[in-house]
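Worksheet: one structure, shown below.
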């Protein structure tokens, strides 16, 4: 007691960071590996083979371990949907939210969307759409992702509305551009020789000038 009174604890000193249990870190690594395996199967066009058992086998873990992290294959698909968000939604959000007037932000968006989409991401989107047709939970999750993606274009034209005021309808204009971008992506996936950059730039400039 006397020692405690003479040397009270230094409450101003930062507390030592709590160590994460080794089992928790290992579990996160296993979960990430399972998601990576799920992506591989889905992107490989093997939806008919997309089962928790096959994902576990590709990952090199037991089937029971897969079910420890994911209740069923729908949970795995939902995890993949969340996993690819930084690859197609976050960059668009950052392009829109960056500094500058509407014209600068629009140019960043056009440059971003003009980059060719990787084969894996393109195949994943196709597989996810297929699963959405057959699973309500996947459909709900994927629609939420696309709603967030479309919201980026609405946010872009909201910048224009703030600059000009008047009768600019950010939602209508944003949804129109989102639909055009989606259509261009579909055309490219079929091998159509369309350069999206001048098309998107012309569309956005025309909509902005006419608003």
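In our numbering, the protein residues as written are 93 to 303.
Think of the CB as a built atom: it goes at the ideal place given N, C-alpha and C, for glycine as much as any other residue.
Item                                                                                                                                                                          : Value
Look at the Cβ atom of residue 246, then the Cβ atom of residue 266, and state whether they are nearer than 8 Å.                                                              : yes
Which full runs of the alpha helix (DSSP H) of 4+ residues lie inside the stretch 257-283, going along the chain?                                                             : 262-281
Examine the Cβ distances between the stretch 187-207 and the stretch 151-168 and report whether three or more of them are shorter than 8 Å.                                   : no
Check whether the stretch 217-237 touches the stretch 268-275, taking contact to mean three or more Cβ pairs, one atom from each stretch, closer than 8 Å.                    : no
Quick one, are the C-beta atoms of residue 72 and residue 134 less than 8 Å apart?                                                                                            : Since the displayed the chain opens at 93 and closes at 303, residue 72 lies outside it and no answer follows.
For the stretch 203-248, list the alpha helix (DSSP H) runs that are entirely contained and at least 4 residues long, ordered along the chain.                                : 211-226
Can you tell me whether residue 286 is buried or exposed? The criterion is at least 16 other CB atoms within 10 Å of its CB, across all chains shown.                         : exposed
For residue 220, count neighbouring C-beta atoms within 10 Å of its own C-beta (all shown protein chains included) and say buried if the count is 16 or more, exposed if not. : buried
To the nearest angstrom, report how far apart residue 188 and residue 258 are at their CA atoms.                                                                              : 21 Å
Grab me the residues of residue 161's own chain with a C-beta within less than 7 Å of its C-beta, minus the 5 sequence neighbours each way, in chain order.                   : 122, 123, 126
Roughly how many angstroms lie between the CA atoms of residue 114 and residue 120, to the nearest whole one?                                                                 : With a pLDDT of only 47 at residue 114, under the threshold of 50, the placement of this residue in the model should not be trusted; the figure read from the coordinates follows. Their Cα atoms are separated by approximately 10 Å.
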